[in-house]
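The opening position of the sequence shown corresponds to residue 11 in our numbering, with each subsequent residue numbered one higher.
Worksheet: one structure, shown below.
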Amino acid sequence: MADDVRFVSSSIKVPPFSPLFESQSHAGSHSLLSSIQLKSRCRFAILPFNINFNLRFNPLPANFISEFVRNPPFFRHNIKSRLHNRLLMKAPLFCSATLALALSDGEPRSESKQSKGGEESDALVEYKGDDSGSVAQSKTVSSSRVAEEERVLISEVLVRNKDGEELERKDLEAEALTALKASRANSALTVREVKEDVHRIIASGYFMSCMPVAVDTRDGIRLIFQVEPNQEFRGLVCEGANVLPAKFVEDAFRDGYGKVVNIRHLDEIIKSIDGWYMERGLFGMVSGVDILSGGIVKLQVSEAEVNNITIRFLDKTGEPTVGKTRPQTILRQLTTKKGQVYSMIQGKRDADTVLAMGVMDDVSIIPQPASDTGKVDLTMNVVERKSGGGISGGGGISSGITSGPLAGLIGSIAIYHKNLFGRNQKLNLSLERGQIDSIFKLNYTDPWIEGDDKRTSRSIMIQNSRTPGTLVHGNQPDNNHLTIGCITAGIEYSRPLRPKWNGTAGLIFQRAGAHDEKGNPVIRDFFGSPLTASGNTHDDMLLAKLESVYSSSGDPGSSMFVFNMDQGIPVSPEWLVFNRVNARARQIVALGPARFLVCLSGGHVHGKFPPHEAFPIGGTNSVRGYEEGAVGSGGSYLVGSGEISFPVIGPLEGAVFADYGTDIGSGSAVPGDPAGARNKPGSGYGYGVGIRLDSPLGPLRLEYAFNDQRTGRFHFGIGLRN
């Protein structure tokens, strides 16, 4: 290049240039370096500029909570986008707006710099910047763009450290060279292309700064990218993470020990940490990252803890009103407590729990920032029902009546109150009446005993019932119907044992005996089999009850396991003493759009027990294809069922099924052997098809099944099989 040509650049203020990554506008202006860094024999130079990362940032907790609460998806996206930009862009780019070639004053123009008309080329544009960021130019803006796009031939491209020496780590040099796109040996470059390559080196994530320097050598222009690598990762400090597992963070950084910190990899780790909070619906995120001296990475985590929880009663129009339910009765239902990191998932469960109390029409939780403390206040808005009590009526079909569907029809009426004393205590008085069945029941339930911290409920029950005796004894040959009359009174306590497990313990008194159609006591049936264990007109017993229930979820169609045991207590010599255990399980497996349902149940009774307490086998919820109790009735039993259901149209489903049941040869263990007297087979199977229809009462089941005796029978049921 001719000695009479000199290079002029100016100090101006420009917005950051980022062709590769989206960036948000930065407030304020930044002065550019005004000097040209020249190396030996330099005749061409690019104004040096740096891109530096400032990883420390810490948004105000209050702003964080407020933004999250107002629009969680947008907040997450906003924070993640802002974090991504901060990690990749960090600080505005310091660079010159143009690089211009100019003739020296008083020297003849080079022929190459003359226009065809002999006049001086107007490519020379000189910029001068002022403190306000404005630009004064002697030519048009289009001239500056032309100057900026002028190309200069580069003979060699190198990567060096900030002192111009070779990098100690060749792998980092290779990373920088690989990131280059335009800058290649023997290529003609513009200032813009060099800027873009600087961005690419920084975007590789391994370097905290990059400065391009042009050096004129005897072989041509040498372009050197002087880089400053990040520190090697030597340790981690994480502050503010109270619920984030330490192992999760340690595993995320484990592979980076001893390696140069890569900003992109660090960004991925931060995204994974933020994702951990989002998956669990927690108000938390990484709010600050800093690389300390010695290669120590410091993470600042912000977690919004619950500061206060208040209950606000609203009327149907959304206006504040006075509630009947005690606020403490509602608050104790919540698993979200003061001092916990707020979880939206947990909050939704709490809202569902309060709604399940049965005294609210609508429940919602509104989180709001608690001043500038970095915490969150929760307001639960509840709309109470107009009255906690009422009268209801309904109907059904008894599964124990086999003489025809109309004979099994039952009507019911109930008077109830679901919120006694504003404590969600429930009182229910109900009557069910059919041609044969009748049940009168008084039940009081306190779903959570006051002062108990284990969520223990208490239920007191008094019941007088009359049910068909056909399940065990069948219809009498003389067409007389036996009924079992039973007076029951008891108290039960229930509480959660473990997640998804619930336990019940109780004490129940029972007096039971058989009656004919006229209501007269009967102690033997048509075949001479006893109807009571004591030989009297009725049997008295005091039973200690234990029950444990597992449910995979609150969905009625979920997997389930139930185990219960009754033990007779010898309060009086004439009172019955026996032990009865019973278990049943249900598992549902998805097979594409279809579902496979498996049900197993079994039980055993030992001791002096009344015949009507035997286990009946056969019927709608046992072995389909048989009448109720027609397979057998024994002191032990085992029933298994398999069913595949599949969608047909809308809420309608089809099903195919097969059942098997047996009394395991225990029919003779029942006093009087009523099953043997009636020639029940003791075991049998059934198979058939059916349809399912969802309804407010649960799945309605209509089925037709054949048994192993080649006879068929319709069955109707409500709900899934137990």
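Even for Gly, the Cβ is constructed at its ideal location relative to N, Cα and C.
- With respect to the 8 Å criterion, residue 239 and residue 182 are classified as neighbours on the basis of their beta carbons.
- Around the beta carbon of residue 456, 16 or more other beta carbons sit within 10 angstroms, so the residue counts as buried.
- Contact between the region 640–654 and the region 494–511 is absent: fewer than 3 CB-CB pairs across the two stretches fall below 8 Å.
- The beta-carbon separation of residue 692 and residue 714, rounded to 24 Å, does not stay under the 8 Å limit for a contact.
- 185 is the residue among 185, 619 and 218 whose C-alpha sits nearest the C-alpha of residue 169.
- Note that the C-beta distance between residue 610 and residue 595 is below 8 Å.
- Straight-line spacing of the CA atoms in residue 421 and residue 591 works out to 32 Å.
- For residue 180, the uninterrupted alpha helix (DSSP H) run begins and ends at 180–189, by DSSP.
- By a beta-carbon distance limit of 8 Å, residue 681 does not contact residue 593. Their separation comes to about 24 Å.
- Beta-bridge partners of residue 295 (DSSP): 312.
- The way I'd put it, the region 346–364 does touch the region 288–303; three or more beta-carbon pairs between them come closer than 8 Å.
- In its chain, beyond the 5 residues on either side, 262 have a beta carbon closer than 8 Å to the beta carbon of residue 282.
- Taking a cut-off of 8 Å on C-beta distances, the region 609–626 does not touch the region 655–662, as fewer than three cross pairs fall below it.
- The bridge partners DSSP lists for residue 222 are 235.
- The beta carbon of residue 194 sits closer than 7 Å to those of 167, all from its chain and outside the five residues before and after it, given in chain order.
- Distance from residue 520 to residue 551 at the Cβ level is roughly 5 Å; contact confirmed, criterion being Cβ atoms closer than 8 Å.
- Following the DSSP letters along the chain, one finds residue 379 inside the beta strand (DSSP E) bounded by residues 370–380.
- Ranked by Cα distance from residue 724, the first of 694, 633 and 676 is 633.
- For residue 611, the enclosing beta strand (DSSP E) starts and ends at 604–617.
- About 5 Å separates the beta carbons of residue 235 and residue 222, which is inside the 8 Å limit, making them a contact pair.
- Per DSSP, reduced to three states, the secondary structure at residue 483 is helical.
- Residue 285 and residue 605 have their C-alpha atoms some 32 Å from each other.
- Residue environment for residue 677: buried (at least 16 other C-beta atoms within 10 angstroms of its C-beta).
- Residue 628 and residue 673 do not touch by the CB rule: their CB atoms are close to 10 Å apart, not below 8 Å.
- Bounds of any beta strand (DSSP E) do not take in residue 280; it lies within the alpha helix (DSSP H) bounded by 273–289.
- In this structure, residue 197 lies away from residue 231, with their beta-carbon atoms at least 8 Å apart.
- For the 8 Å CB-CB criterion, residue 663 and residue 688 do not form a contact.
- Contact annotation: residue 391 and residue 374 have beta-carbon atoms nearer than 8 Å.
- Secondary structure note for residue 339: its alpha helix (DSSP H) is the uninterrupted segment 337–341.
- Residue 641 sits in coil when the DSSP states are folded into three classes, being neither helix nor strand.
- If you draw a straight line from the Cα of residue 199 to the Cα of residue 237, it is about 20 Å long.
- For residue 311 against residue 250, the beta-carbon gap comes to about 4 Å, under 8 Å, which counts as contact.
- The residues 241, 242, 243, 244, 245 and 271, in chain order, have a CB closer than 8 Å to that of residue 305 in the same chain once the five nearest residues on each side in sequence are set aside.
- Looking at 395, 671, 313 and 696, the one whose alpha-carbon comes closest to that of residue 333 is 395.
- DSSP places residue 716 within a strand segment (E or B) once states are collapsed to three.
- With respect to residue 586, residue 535 sits apart: the two C-beta atoms are not nearer than 8 Å.
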